[in-house]
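Numbered by our numbering, the letters in the sequence shown go through residues 125 to 242 in order.
C-beta: ideal position from N, C-alpha, C; glycine also.
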Amino acid sequence: VQLQASGGGLVQAGGSLRLSCAASGNVGLVSGMGWYRQAPGKQRQLVAAITAAGTPDIADSVKGRFTISRDSATYTVTLQMNSLKPEDTGVYYCNAKIQVFGGAYDNWGQGTLVTVSS
Numbered sequence: 125v126q127l128q129a130s131g132g133g134l135v136q137a138g139g140s141l142r143l144s145c146a147a148s149g150n151v152g153l154v155s156g157m158g159w160y161r162q163a164p165g166k167q168r169q170l171v172a173a174i175t176a177a178g179t180p181d182i183a184d185s186v187k188g189r190f191t192i193s194r195d196s197a198t199y200t201v202t203l204q205m206n207s208l209k210p211e212d213t214g215v216y217y218c219n220a221k222i223q224v225f226g227g228a229y230d231n232w233g234q235g236t237l238v239t240v241s242s
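Structure representation (structure tokens):
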């Protein structure tokens, strides 16, 4: 499974950005999809994820500002980021859970940089 991310860039605090990620290849194995963020000097952390059934899981730090959606027909996940803050700055990575016999593993897309200026 390949993950192609798009979006990101530089925005002022209070602005909005949209990230999209499309899965291709053996997409029948894809279950949950989501976005993780890695700020400078910090570990990668979950921002938002969504199950195959469409149930979202949003990090408390972005709840009320970010929404995640999924197009099951195209295996695309979109992260709408509103009211951005400087602390949202980081490299955002698309993630897909790949179901295999006995469990699942993480598949990662290339990171896309989001910079929020104050």
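- Distance check between G131 and each of Q167, R189 and C145 places C145 closest, using alpha-carbon atoms only.
- Look at the beta carbons and you see the region 133-141 touching the region 196-213: at least three pairs across the two are nearer than 8 Å.
- Here the C-alpha atom of T198 lies approximately 34 Å from the C-alpha atom of G165.
- For Q204, the closest alpha carbon among the candidates P180, G156 and Q167 is that of P180.
- Ranking I192, T200 and V240 by CA distance to the CA of I174 puts I192 first.
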